[in-house]
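Participant: Pasting a structure below so you can have a look.
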Amino acid sequence: WFWNLHSWNEANETWELSNLDLDAYAEPGHIAWAPSFVNVSTVPSPNVGAPDDANACNGHGWEMGSGDSKHCMCDEGYTWGEDDPLSCVLETSEDYNVGHSTITYILNDELEPTVAWAGDRWRVEEFTADVREMLEKEQLAGNEGGFIPSLSVAMSLSALMLAAAVPPSSRRDSDAK
24 WFWNLHSWNE
34 ANETWELSNL
44 DLDAYAEPGH
54 IAWAPSFVNV
64 STVPSPNVGA
74 PDDANACNGH
84 GWEMGSGDSK
94 HCMCDEGYTW
104 GEDDPLSCVL
114 ETSEDYNVGH
124 STITYILNDE
134 LEPTVAWAGD
144 RWRVEEFTAD
154 VREMLEKEQL
164 AGNEGGFIPS
174 LSVAMSLSAL
184 MLAAAVPPSS
194 RRDSDAK
């Protein structure tokens with residue numbers, strides 16, 4: 024089988040087999056492609072899908088399909104009504120804003136919040152100062168108040184002690200010779 028091109032004859036309101044190629048039509052009006060085995064009289068007329076009254080699709084579209092698959096093809100700016108594909112209602116877009124916030128808590132030994140930082144743009148220096156102050160007040164981590172060494176000081180001291188405790192291996196090799 025193959026496809027046949029038909030054009031709508033307005034005068035006698037029938038589909039006619041076209042002798043022209045699709046590109047030969049300047050303004051074809053209504054055309055239909057139909058399989059070669061189809062009786063052309065069973066092809067619906069172009070007016071079948073047109074609504075008989077302005078109430079189809081609430082006056083904002085046209086109906087397409089038949090039976091359970093019948094639905095509206097809504098005009099731009101319109102969409103199906105809620106659970107009703109045979110109606111067209113104005114599209115609405117609700118503007119809303121979404122916000123969120125973060126709270127960072129520093130807890131004491133009793134798991135009570137001692138310091139609360141809101142948001143996520145807090146400064147590290149201020150946050151660290153609050154941690155130190157809480158450690159001093161709560162006397163946590165063996166701190167009896169006073170100086171709390173930073174991580175870099177602790178790492179530096181550890182590296183120096185390790186260097187002093189472990190002599191370089193190349194020194195031992197040269198002494199043995």
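Just so you know, the sequence shown maps onto residues 24 to 200 in the working numbering. Even glycine gets a Cβ: it sits at the ideal position worked out from N, Cα and C. This structure is a prediction, so every number in the text was calculated from the model and none was measured.
1. For residue 141, I'd like the list of residues in its chain whose CB is within less than 7 Å of its CB, leaving aside the five on either flank, ordered along the chain.
2. So what does DSSP say about residue 33, is it helix, strand or coil?
3. Between the Cα of residue 24 and the Cα atoms of 58, 33, 52, 43, which residue gives the shortest distance?
4. What first and last residue would you give for the beta strand (DSSP E) that runs through residue 127?
5. Would you give the residue range spanned by the beta strand (DSSP E) that residue 102 belongs to?
6. Tell me the DSSP bridge mates of residue 84?
7. I'd like the span of the beta strand (DSSP E) that includes residue 63, first residue to last.
8. Taking the continuous beta strand (DSSP E) assigned at residue 107, which residues delimit it?
9. Counting pairs of beta carbons, one from the stretch 131–140 and one from the stretch 97–109, are three or more of them closer than 8 Å?
10. Below 8 Å on the Cβ atoms is my guess for residue 31 versus residue 69; work out the distance and round it to an integer in Å.
11. In or out: residue 90 buried (at least 16 other Cβ within 10 Å) or exposed?
12. By a C-beta neighbour count over all protein chains shown, 10 Å radius and 16 as the cutoff for buried, is residue 48 buried or exposed?
13. What are the boundary residues of the beta strand (DSSP E) that residue 67 is part of?
14. Buried or exposed: where does residue 101 fall if 16 or more other Cβ atoms within 10 Å of its Cβ makes it buried?
Facilitator: Judging by the given coordinates:
1. Translated into positions along the sequence shown, residue 141 becomes position 118. Cβ within range, chain order: 124, 126.
2. Here the question's residue 33 lines up with position 10 in the sequence shown. Looking at residue 33 - three-state DSSP - the assignment turns out to be coil, as it is neither helix nor strand.
3. Taking the sequence shown and counting its residues from 1, one reaches residue 24 at position 1. The option with the nearest alpha carbon to residue 24 is 58.
4. Stepping through the sequence shown from its first residue, residue 127 is reached at position 104. Run containing residue 127: 126–130, per the beta strand (DSSP E) assignment.
5. One-based indexing of the sequence shown puts residue 102 at position 79. 101–104 is the span of the beta strand (DSSP E), which, as asked, contains residue 102.
6. Taking the sequence shown and counting its residues from 1, the one referred to as residue 84 is at position 61. According to DSSP, which records beta bridges pairwise, residue 84 is partnered with 97.
7. Working through the sequence shown from its first residue, we reach residue 63 at position 40. Premise fails: residue 63 is in no beta strand (DSSP E) and is neither H nor E.
8. The count along the sequence shown starts at 1 and reaches residue 107 at position 84. 107–113 is the span of the beta strand (DSSP E), which, as asked, contains residue 107.
9. Contact between the stretch 131–140 and the stretch 97–109 is not established, with fewer than three Cβ pairs separated by less than 8 Å.
10. Within the sequence shown, numbered from 1, the residue matching residue 31 stands at position 8. Within the sequence shown, numbered from 1, the residue matching residue 69 stands at position 46. About 6 Å; that satisfies the 8 Å criterion.
11. As a working mapping, residue 90 is identified with position 67 in the sequence shown. By the neighbour-count criterion, in which 16 or more other beta carbons inside 10 Å mark a residue as buried, residue 90 falls on the exposed side.
12. In the sequence shown, the residue the question calls residue 48 occupies position 25. Around the beta carbon of residue 48, fewer than 16 other beta carbons lie within 10 angstroms, which makes this residue exposed.
13. Reading the sequence shown from its first residue, position 44 is the one you call residue 67. Looking at the DSSP string, residue 67 is not in any beta strand (DSSP E), and its letter there is neither H nor E.
14. Locating residue 101 in the sequence shown gives position 78, where the first residue counts as 1. Of the residues assessed, residue 101 falls on the buried side of the cut-off, its CB having 16 or more other CB atoms within 10 angstroms.
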